[in-house]
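If you're matching positions, the sequence shown starts at 163 in my numbering and goes up one per residue. The next block holds one structure in the form of structure tokens; read it before the comments.
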Amino acid sequence: MHRHCTRLALSPCFLFEFGGTDSSTPGSFTLANQLFACKSIDKLISDSEEPEHRLKKTLGPWSLTGLGIGAVIGSGIFTVVGTAIAGQKFNTSSILNAPLADYLVHHAATLGRPGAGPALAISLVLVAIVCAFTGLCYAELASMIPIAGSAYTYTYATMGELIAWIIGWDLILEYAVSNMAVSVGFAAHMVATFSWFGWHPALRWITPAYLPGGLTDLQNNVLYAPGWHFGFNLPAFLIVLLLTVVLVRGIRESAETNNVMVILKIAAILAFVFVGMRFIHPANYHPFAPEGWPGVLTGGSIIFFTYIGFDSVSTAAEEARNPQRDLPIGIIATLIVCTVLYIAVAVVLTGIVPWRTLIDDAAPVVNSMSKLAGTTKSALLHWTELAVLFGAMMGMISSLLVFQLGQARVWFSMSRDGLLPKLFSRVHPRFRTPATATWIAGFLVGIPGGILDIGTLSDLSNIGTLFAFVLVSIGVIILRRKQPERRRGFRAPGGLAAPILSVVFCVLLMSGLPILTWLRFFVWLIIGLTVYMLYSRHRSEFSPRQLGPVPNAPNKP
Numbered sequence: 163m164h165r166h167c168t169r170l171a172l173s174p175c176f177l178f179e180f181g182g183t184d185s186s187t188p189g190s191f192t193l194a195n196q197l198f199a200c201k202s203i204d205k206l207i208s209d210s211e212e213p214e215h216r217l218k219k220t221l222g223p224w225s226l227t228g229l230g231i232g233a234v235i236g237s238g239i240f241t242v243v244g245t246a247i248a249g250q251k252f253n254t255s256s257i258l259n260a261p262l263a264d265y266l267v268h269h270a271a272t273l274g275r276p277g278a279g280p281a282l283a284i285s286l287v288l289v290a291i292v293c294a295f296t297g298l299c300y301a302e303l304a305s306m307i308p309i310a311g312s313a314y315t316y317t318y319a320t321m322g323e324l325i326a327w328i329i330g331w332d333l334i335l336e337y338a339v340s341n342m343a344v345s346v347g348f349a350a351h352m353v354a355t356f357s358w359f360g361w362h363p364a365l366r367w368i369t370p371a372y373l374p375g376g377l378t379d380l381q382n383n384v385l386y387a388p389g390w391h392f393g394f395n396l397p398a399f400l401i402v403l404l405l406t407v408v409l410v411r412g413i414r415e416s417a418e419t420n421n422v423m424v425i426l427k428i429a430a431i432l433a434f435v436f437v438g439m440r441f442i443h444p445a446n447y448h449p450f451a452p453e454g455w456p457g458v459l460t461g462g463s464i465i466f467f468t469y470i471g472f473d474s475v476s477t478a479a480e481e482a483r484n485p486q487r488d489l490p491i492g493i494i495a496t497l498i499v500c501t502v503l504y505i506a507v508a509v510v511l512t513g514i515v516p517w518r519t520l521i522d523d524a525a526p527v528v529n530s531m532s533k534l535a536g537t538t539k540s541a542l543l544h545w546t547e548l549a550v551l552f553g554a555m556m557g558m559i560s561s562l563l564v565f566q567l568g569q570a571r572v573w574f575s576m577s578r579d580g581l582l583p584k585l586f587s588r589v590h591p592r593f594r595t596p597a598t599a600t601w602i603a604g605f606l607v608g609i610p611g612g613i614l615d616i617g618t619l620s621d622l623s624n625i626g627t628l629f630a631f632v633l634v635s636i637g638v639i640i641l642r643r644k645q646p647e648r649r650r651g652f653r654a655p656g657g658l659a660a661p662i663l664s665v666v667f668c669v670l671l672m673s674g675l676p677i678l679t680w681l682r683f684f685v686w687l688i689i690g691l692t693v694y695m696l697y698s699r700h701r702s703e704f705s706p707r708q709l710g711p712v713p714n715a716p717n718k719p
């Protein structure tokens, strides 16, 4: 058989009929065939073993679990938890700010989103159940397809090139925007640490150049008016560049660095929990669910997106020593550890301060400790505040590390398939890491992190995450039907219950995001489809240019 025919025959999506095409006609391999052409799982694995594209296999279950915890317990437990408890308030009523589902039911604008209050503990349990369904799907696919790229690779093997491109483009947005926000959050906590030690650097070098809401101090004095000013957030930029150097040097060194930060971060979280328990006021738990079930569900939708660490675990599949066994362990262990820690922080936080005081607080854990230390004059609280600050920064560093690692490896996979320029799949000759993609990712995140206040743009990361979860769950259903005989190191229990419930719950959570987020997401996808049609599809290995003419099948007697 012709070598190009062999490549296409491996596709699990289509059985190509060559007899009905005319090899002399340009474009006889149609665009429709290319858009829905799937890579076989065997070919994905064989491509990853080519010497020039091979990554070093050094990660075990402990390192993979550490990567997952490093991503999940990053900025969310120190920042987003306050918004999930107290909700969001907007200055003006707008249809664009209304959650999609709420607008479809009430056809009205909104001034905010309700918070869960002390009932965030219930929200976290519900979200953990949803994440478990999705995590089981990721674990099954990761054990079948142990290739870098995560959701992008899984969709290429199950739904074809077009959907794979869409999810790859979606993951670029998810990782990049998320890390821009995390880098800005890290800088804010770094400045708070400087303040604890009595050092106050020049304001222009520790604040973004663009401040849409302006900047005030604790006494509400205006430091910067809303808009642009001369400045650059150096801590945000430098931390991204420092981690880029670590990632280029090697995945094992990166994982070891992350493991140290995860241990320090968990220690700081436990210090907050055990010290804070002594200052809990039971009256703060009443009413337990002040906004009722709408608040519980909304709080869950806000906090849900800090659970995407298990997605980052699967992006490192090619660097796992025994991916069929270790990836499911890393994913499930990540969910269990992070859920317990989240619930502990939520219970203590809502017990030491009234839940309403957390509204619009970007650093609720640290600020609550500071307020409590100021009112009680407790030396123990004062020093615990420093430990929490240190833990928060370690959390954000580990989150940045994992997502920068994942982002570079998604680009690496897309480049290896021809959908991005080949420079993204260059492997460092000494360290065997995707060095070029890692450096580009570092500057792409670091420079905007120094200039911009990301704000509500982080919702784009949320919708991108849920969209990836939906497609991964659908991929499990497709492979169960098309390749039931293929070996699975791990199989999600309950038949098709896990992937179906995962799809249903993720779509419901997507419907809870603002209409403006949906519009921005669609604009990003349109840009991505334009890039695909003008560049990527012409350089894909499934393009007619790469395949050449497809020969006619011999006539049947």
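Don't be surprised by glycine CBs; every beta carbon is placed ideally from N, CA and C.
Note on geometry: alpha-carbon atoms of residue 451 and residue 514 lie some 16 angstroms from one another.
Setting aside the 5 residues that flank it on each side, residue 395 is surrounded in the same chain by 346, 349, 368, 369, 370, 611, 612, each with a C-beta closer than 7 angstroms to its C-beta; the list follows chain order. Rounded to the nearest whole angstrom, the CA to CA distance from residue 340 to residue 667 is 22 angstroms. Of the residues 280, 482, 690, the one whose Cα lies closest to the Cα of residue 307 is 482. In the DSSP assignment, residue 691 falls outside any beta strand (DSSP E) and lies within the alpha helix (DSSP H) extending over 677-693.
Residue 564 and residue 434 have their C-alpha atoms some 24 angstroms from each other.
Under the criterion of beta carbons closer than 8 angstroms, residue 402 and residue 607 qualify as touching, at roughly 5 angstroms. Residue 454 counts as exposed, since fewer than 16 other beta carbons sit within 10 angstroms of its beta carbon.
Judged by DSSP secondary structure, residue 385 falls within the beta strand (DSSP E) whose first and last residues are 384-386. In this chain, residue 363 is not harboured by any alpha helix (DSSP H), its DSSP state being neither H nor E.
Assignment of beta-bridge partners to residue 372 by DSSP yields 390.
Annotated as distal: residue 586 and residue 332, with beta-carbon spacing of 8 angstroms or more. Our two residues, residue 540 and residue 438, have alpha carbons roughly 12 angstroms apart in a direct line.
For residue 264, the closest alpha carbon among the candidates 459, 533, 489 is that of 459. A Cβ-Cβ distance of about 11 angstroms is found for the pair residue 406 and residue 569, leaving them out of contact under the 8 angstroms criterion. Here the stretch 286-303 makes no contact with the stretch 526-544; the two share fewer than three CB pairs at distances below 8 angstroms. Between the stretch 485-498 and the stretch 312-319, the count of C-beta pairs closer than 8 angstroms stays below three; the two stretches do not touch. For residue 589, there is no enclosing alpha helix (DSSP H), as DSSP marks it with neither H nor E.
Selection 398, 430, 475, 575 evaluated against residue 201 yields 575 as nearest (Cα-Cα). Here residue 266 is exposed. Its C-beta has fewer than 16 other C-beta atoms within 10 Å. Looking at the DSSP output, residue 648 bridges to nothing. Looking from the CA of residue 256, the closest CA among 270, 243, 431 belongs to 270. Our two residues, residue 231 and residue 221, have alpha carbons roughly 15 angstroms apart in a direct line.
Per DSSP, residue 316 is one residue of the alpha helix (DSSP H) stretching across 313-320.
Cβ neighbours of residue 547 within its own chain (closer than 6 angstroms, five residues either side excluded): 531, 532, 535. Residue 526 sits in a helix when the DSSP states are folded into three classes.
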